[in-house]
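Under our numbering, read the sequence shown as residues 67 to 228, first letter to last.
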Amino acid sequence: MKKKNTTAELGMYKENISKALFQNADIRELILGDTSGMSASQMRDAFKEHIKSHLFIDDTITETDSFIFYDVRCPYLDTNVKGCQVIMYVICHRDILDNYIKDGYYGNRADILTQMVEDTLVNDEEVANSFGIGKLTLDSIDIYNATRFYGRTITLNVPTFR
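As structure tokens, then:
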């Protein structure tokens, strides 16, 4: 059996992350608001404007809104083992940071969105186990603080083998 290229796997991880985030109705509602008048393709297109598979933010965002930026890296590659990490910026514009409440979630809008991302990628067993050998795990949580945006930087580990 031909082994997968690691670089191709990184792209597949990105596609799986985007798909999992889109499937979470709570994340869609926080990011898009009321979607009852949108078709499925309109909803997907609008969602893609807020979920980006790169970490470049400067001059990218002009809206007062919520966003998730992410990328995947391999901090170590060995002959038999490799490890991957997902780095995510879960951010909200400062003007809307404190105007969102959702039952079962705590903190400001960025905190709530971060909890929803964790529920989707880590706490959903099917999703957490779909990235490699072993479970996708939350490794660290840090603060993202910029001029207009505030939120969390989270790192997820993806244990995998060649």
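The beta-carbon is built from N, C-alpha and C at its ideal position, and this holds for glycine as well.
The structure presented is a predicted model; accordingly, all values stated were derived computationally and were not measured.
Exercise for the section: List the residues that DSSP assigns as beta-bridge partners of Leu143. Expected result: Lys148
Handout entry: Contacting residues, own chain, Cβ-Cβ under 7 Å from Ser119 (five flanking each side not counted)
Key = Lys80, Ser84, Tyr136 and Asp137
Exercise for the section: For Gly77, name the three-state secondary structure that DSSP assigns. Expected result: helix
Practice task
Taking all protein chains shown into account, decide if Tyr172 is buried (16 or more other Cβ within 10 angstroms of its Cβ) or exposed.
Solution key: exposed
Exercise for the section: Evaluate the contact criterion for the region 171-186 versus the region 213-224: three or more CB pairs, one atom per stretch, below 8 Å. Expected result: yes
Practice task
Could you tell me whether the region 100-111 touches the region 189-206, using the rule of 3 or more Cβ pairs below 8 Å?
Solution key: no
Practice task
Per DSSP, which residues does Met154 bridge with? Please list them.
Solution key: Tyr136 and Ile220
Exercise for the section: With DSSP as the reference, label Met67 as helix, strand or coil. Expected result: With a pLDDT of only 47 at Met67, under 50, the local geometry of the prediction cannot be trusted, and no value is derived from it.
Practice task
Assign Asp205 to one of three DSSP states: helix, strand, or coil.
Solution key: strand
Practice task
List the endpoints of the continuous alpha helix (DSSP H) containing Leu179.
Solution key: Arg175 to Leu187
Exercise for the section: Compute the distance between the beta-carbons of Ile134 and Val152, then report whether it is under 8 Å. Expected result: no
Handout entry: As assigned by DSSP and simplified to three states, the class of Phe88
Key = helix
Handout entry: the region 120-131 / the region 87-96 touching (three or more Cβ pairs under 8 Å)
Key = no
Practice task
Report buried or exposed for Glu75, applying the criterion of at least 16 other Cβ atoms within 10 angstroms of its Cβ.
Solution key: buried
Practice task
Sort out for me which residues DSSP pairs Thr226 with in a bridge.
Solution key: Lys148
Exercise for the section: Could you tell me the distance, in whole angstroms, from the CA atom of Asp144 to the CA atom of Glu192? Expected result: 27 Å
Practice task
Taking only the alpha-carbon atoms, compute the straight-line gap between Leu204 and Cys158 and give it to the nearest angstrom.
Solution key: 21 Å
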